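Colleague: Structure in structure tokens, see below.
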Amino acid sequence: MVMKLPMPAFDSVQLVGDVVAERAGGVNAEFFKGIKKEWAIRVQQYIDSAGAPPTVSTWPGIKVRAKSFLNLYLSPAADSVQLPILKAMRQHELTVCPACGELGRPNTLDHYLPKGTYPHFCITPVNLFPMCDACQLAKGTKVGDAASPRFFLHPYFDAFVGEEVLRLEIRPPFDAPSFSLDIAAGLELEQEDLVRTHVRELDIERRYAAFFRSQHRRLLRLVSGMRASGQNVEQTLAIFKQGVADPSPNTWEHVFYAAVLASPSLVDYLANKPLPKYL
Ligand SMILES: [Zn+2]
């Protein structure tokens with residue numbers, strides 16, 4: 018699940034001025050000069066509203082010039098002001114996808130508000146963050162709908178994702194359990210709704226299922242080894258859980274180990290009951 022990311026180290030409003038200044042004298046000079054003020058206001062509005070649609074609106078007036086914006090992102094000149102910023106944002110050291118929490122380096126930069134619908138945010142640093150391919154494919158150009166204007170959590174602005182937002186329950190029989198996901202306790206109603214649409218629209222529960230099944234098989238093998246070497250099963254699992262809480266309590270592994278330790282009957286099974294022979 019989502020993790021909180023530090024704000025980008027680049028000033029999104031400043032970048033508007035820099036890009037327009039760089040275009041002075043070029044073929045698009047007049048166009049960018051004419052929209053500079055409104056562009057900067059819209060970027061500031063994005064920051065003030067935490068990127069939340071529909072508060073951050075589209076800009077019908079620039080629709081016919083969308084390509085001029087998109088080129089800033091898709092084919093930035095080698096000496097352009099935005100290229101080093103985009104490069105730096107791609108050179109992150111994340112080992113977990115900030116949108117779903119799956120382990121692995123997220124390879125693409127996602128536009129929180131899609132660049133097709135919001136071309137004026139296509140190089141805006143606060144609108145860009147790393148994402149895994151599976152999330153990006155599921156997200157596509159979605160933003161929200163009439164019932165839920167905003168589907169997705171924002172890793173820069175939704176500070177509450179620094180804490181656990183999902184709770185997994187592992188149900189018996191423990192040699193072949195079933196899994197169910199729920200929203201963690203303690204969230205506000207609006208936050209709960211947002212986590213729910215985020216999970217639904219990124220298809221996270223289906224993607225989790227295979228992971229949890231294989232993680233559980235791995236757990237049974239690990240526990241069997243712990244018992245054979247005389248280790249305290251519960252204490253060792255607590256250390257495992259602690260070890261996977263970084264960089265976020267919402268990584269898939271941490272969600273799993275938190276569920277294991279939250280179930281006294283599962284812990285008892287792992288520590289004391291006969292384990293399946295086919296490990
Ligand atoms: Zn992901």
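Take the sequence shown: its position 96, counted from the start at 1, is 113 in the working numbering, and no numbers get skipped.
By construction, the Cβ of each residue, glycine as well, lies at the ideal position given by its N, Cα and C atoms.
Computed from a predicted model, the values in this text were never measured in an experiment.
Is residue 116 near ligand 1, with its Cβ less than 7 Å from a heavy atom?
Modeller: yes
Colleague: Say yes only if the C-beta of residue 148 is nearer than 7 Å to one or more non-hydrogen atoms of ligand 1, and no if none qualify.
Modeller: For residue 148, the shortest C-beta to heavy atom distance toward ligand 1 is below 7 Å.
Colleague: What does a CB cutoff of less than 7 Å around residue 219 pick up in its chain, not counting 5 residues either side in sequence?
Modeller: For residue 219, where only same-chain residues beyond five positions count, the Cβ hits under 7 Å are 116, 117, 152, 155, 156.
Colleague: With burial defined as no fewer than 16 other Cβ atoms inside 10 Å of the residue's Cβ, what is the status of residue 1: buried or exposed?
Modeller: The displayed coordinates of the chain run from 18 to 296. Any statement about residue 1 would go beyond what the structure contains.
Colleague: Across the stretch 133-144 and the stretch 20-30, are there enough close Cβ pairs to call them in contact, namely three or more that are closer than 8 Å?
Modeller: Taking a contact to require three or more Cβ pairs closer than 8 Å, the stretch 133-144 and the stretch 20-30 qualify as touching.
Colleague: Hey, out of 253, 164, 59, 283, whose CA is closest to residue 211's CA?
Modeller: Checking every option, the nearest Cα to that of residue 211 belongs to 164.
Colleague: Regarding residue 222 and ligand 1, is the C-beta to nearest heavy atom distance less than 7 Å?
Modeller: no
Colleague: Contact check, residue 50 vs residue 37 under 8 Å by CB: the rounded distance?
Modeller: About 6 Å; that satisfies the 8 Å criterion.
Colleague: Taking the straight line between their C-alpha atoms, what separation do you get for residue 255 and residue 277?
Modeller: 9 Å
Colleague: Tell me whether residue 140 sits in a helix, a strand or coil according to DSSP, three-state version.
Modeller: coil
Colleague: Run through the stretch 220-275 for me and flag every whole alpha helix (DSSP H) of 4 or more residues, listed as ranges in chain order.
Modeller: 221-245, 250-260
Colleague: What residue range is occupied by the uninterrupted beta strand (DSSP E) comprising residue 29?
Modeller: Careful: residue 29 lies outside any beta strand (DSSP E), inside the alpha helix (DSSP H) at 29-40.
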